[in-house]
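full-length UniProt numbering applies: residue 1 is where the sequence shown begins, and numbers increase by one.
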Amino acid sequence: MAWAALRWVVLMAFIALTIGGNALVCLAVASSRRLRRLSSCFVVSLAVTDLLLALLVLPLAATLELRDGRWPLGGTLCSVYLSVDVTLCAASIFTLLAISVDRYLAISAPLNYTERVTPRRVLAALGAIWTLSLTLAFAPVHLGWNTANFSVPNMDREVGEEAGEGRTCRYEWNNDYVVLVAFGTYFLPLLVMCGMYHRIFCTAREQVRRIRAATPSFARSASAVATAREHKATVTLAAVLGAFLVCWLPYFIYFTCMGLRRETHPPLLAHSVVLWLGYFNSAVNPILYPALNRDFRQAYRQLLRCRVARKRLPASPRVLVRERGAVSHGCQRKHSRSEPSAINPRETMDESSPEHTSPCLAGKSEMQA
1 MAWAALRWVV
11 LMAFIALTIG
21 GNALVCLAVA
31 SSRRLRRLSS
41 CFVVSLAVTD
51 LLLALLVLPL
61 AATLELRDGR
71 WPLGGTLCSV
81 YLSVDVTLCA
91 ASIFTLLAIS
101 VDRYLAISAP
111 LNYTERVTPR
121 RVLAALGAIW
131 TLSLTLAFAP
141 VHLGWNTANF
151 SVPNMDREVG
161 EEAGEGRTCR
171 YEWNNDYVVL
181 VAFGTYFLPL
191 LVMCGMYHRI
201 FCTAREQVRR
211 IRAATPSFAR
221 SASAVATARE
231 HKATVTLAAV
241 LGAFLVCWLP
251 YFIYFTCMGL
261 RRETHPPLLA
271 HSVVLWLGYF
281 NSAVNPILYP
291 ALNRDFRQAY
301 RQLLRCRVAR
311 KRLPASPRVL
321 VRERGAVSHG
331 CQRKHSRSEP
341 SAINPRETMD
351 ESSPEHTSPC
361 LAGKSEMQA
């Protein structure tokens, strides 16, 4: 009983941390002008993916863990749960791939970046990512392509049937499907991303060498400062990719080995360990952003300070209205004020211009205006 209670507390705390962290990422991008850039659309998409995972998948996965693999919600919901899980995992991988392409264009050809990366192309890329992820996840499960006998799984089950009668809810696979999914949605994109980041860091190192060899006036120019800012953002996003690699690599190795060995019912404990290690990645990203990027730290700090200040308002109605207006004005003023760059405190570039505003948040900005 004590072990079950401890597992429940840990799982609920993990889900709450994942929801709160990724919601904070979205709020930070929305509230900070320095983060409200075109490339931040991909960061927000990744945070939304992790947020949906915590809201739609993790509660059901925790139910399976707490019931020792017994699934009481019927076959249809089991298929939907598995499809949503695969959709969000694939969307994370493809979003990271899009981020690597965006970083490569920003570092290798900064003068042509605004011409190549436009709001329309960013939105088209995000639409393609989610369409492809939904297709790869829902079609195999609901058409039976992933099973050994190519039959649609879980269709003969009703609510209430459990694993005690041989009923559980785990992904079924066959040999060909495992090879296609593992290499097409993980190993191949991972290889491409690693190659891109290698090229990015080689280019960045050459740019740093040229800046250091330049005259002091050029090293302090807006161009040099912008290049340094892009380098810092690239390091942060490369760390996000590294965290994804560490968390999900054990699962995909396990998934591939079990599929190639035609293990239709792999060990439950091993499967749970590698799966929840992958889920842990969704809680890591909101910690990496402020740990490696000053703009995110500033945005987090402003959000939390404003929230604490509002909670400390006095109870008197007149004072309450007056203080609330002062707090709100102070928070807005802090966000609108130009903040020192994480790279160079002398940076004076204005990132609140239209070309730096993310299309994902353009509607909200218009409403506020």
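The C-beta atom is built at its ideal place from N, Cα and C for all residues, glycine as well.
Are residue i and residue j close, meaning C-beta to C-beta below 9 Å?
i      : j      : result
Val57  : Tyr279 : yes
Leu247 : Val284 : Note that residue 247 is Cys in the sequence shown, not Leu. Cβ atoms of Cys247 and Val284: closer than 9 Å.
Ala137 : Ala90  : yes
Ser40  : Val29  : yes
Thr18  : Ala54  : yes
Arg103 : Ile200 : yes
Leu260 : Asn175 : yes
Leu84  : Pro140 : Reading off the sequence shown, one finds Val at residue 84, where the question assumed Leu. It is not a contact, given that the beta carbons lie outside the stated cut-off.
Ser45  : Leu303 : no
Pro250 : Leu268 : no
Leu66  : Leu11  : yes
Val122 : Leu241 : no
Thr256 : Val179 : yes
Trp145 : Tyr177 : yes
Using three-state DSSP, classify residue i as helix, strand or coil.
i      : result
Glu206 : helix
Asp68  : coil
Cys169 : coil
Val273 : helix
Val117 : coil
Arg294 : helix
Asn175 : helix
Leu35  : coil
Arg199 : helix
Arg262 : coil
Pro267 : coil
The alpha helix (DSSP H) that contains residue i, what's its start and end?
i      : result
Trp145 : Element bounds for Trp145: n/a, residue is neither H nor E.
Phe14  : Ala2 to Ser31
Thr185 : Element bounds for Thr185: n/a, residue is neither H nor E.
Ser108 : Gly75 to Ser108
Leu52  : Ser40 to Leu52
Spatial neighbours of residue i within its chain, please: CB distance less than 6 Å, with the 5 preceding and 5 following residues excluded, ordered by chain position.
i      : result
Tyr113 : Leu105 and Ala106
Pro254 : Residue 254 is actually Tyr in this sequence, not Pro. Val274, listed in sequence order.
Met258 : Pro266
Val321 : Per-residue confidence for Val321 stands at a pLDDT of 47, beneath the threshold of 50, marking its modelled position as unreliable; no derived number is given.
Tyr171 : Leu82
Ala125 : Ala98
Residues in its own chain within less than 7 Å of residue i by CB, not counting five upstream and five downstream?
i      : result
Pro290 : Phe296, Arg297 and Tyr300
Leu245 : Leu190
Thr185 : Ala90, Ile93 and Leu136
Leu292 : Val235, Thr236 and Ala239
Arg210 : none
Phe42  : Thr95, Ala98, Ile99 and Asp102
Trp130 : Ala91
Arg7   : Glu65 and Leu66
Can you give me the Cβ contacts of residue i inside the same chain, cut-off strictly under 8 Å, excluding the 5 residues immediately before and after it?
i      : result
Phe187 : Phe252
Ala243 : Asn281, Val284, Asn285 and Leu288
Asn22  : Ala47, Val48, Asp50, Leu51, Ala54, Ser282, Asn285 and Pro286
Leu134 : Thr87
Ile15  : Ala54, Leu58, Pro59 and Ala62
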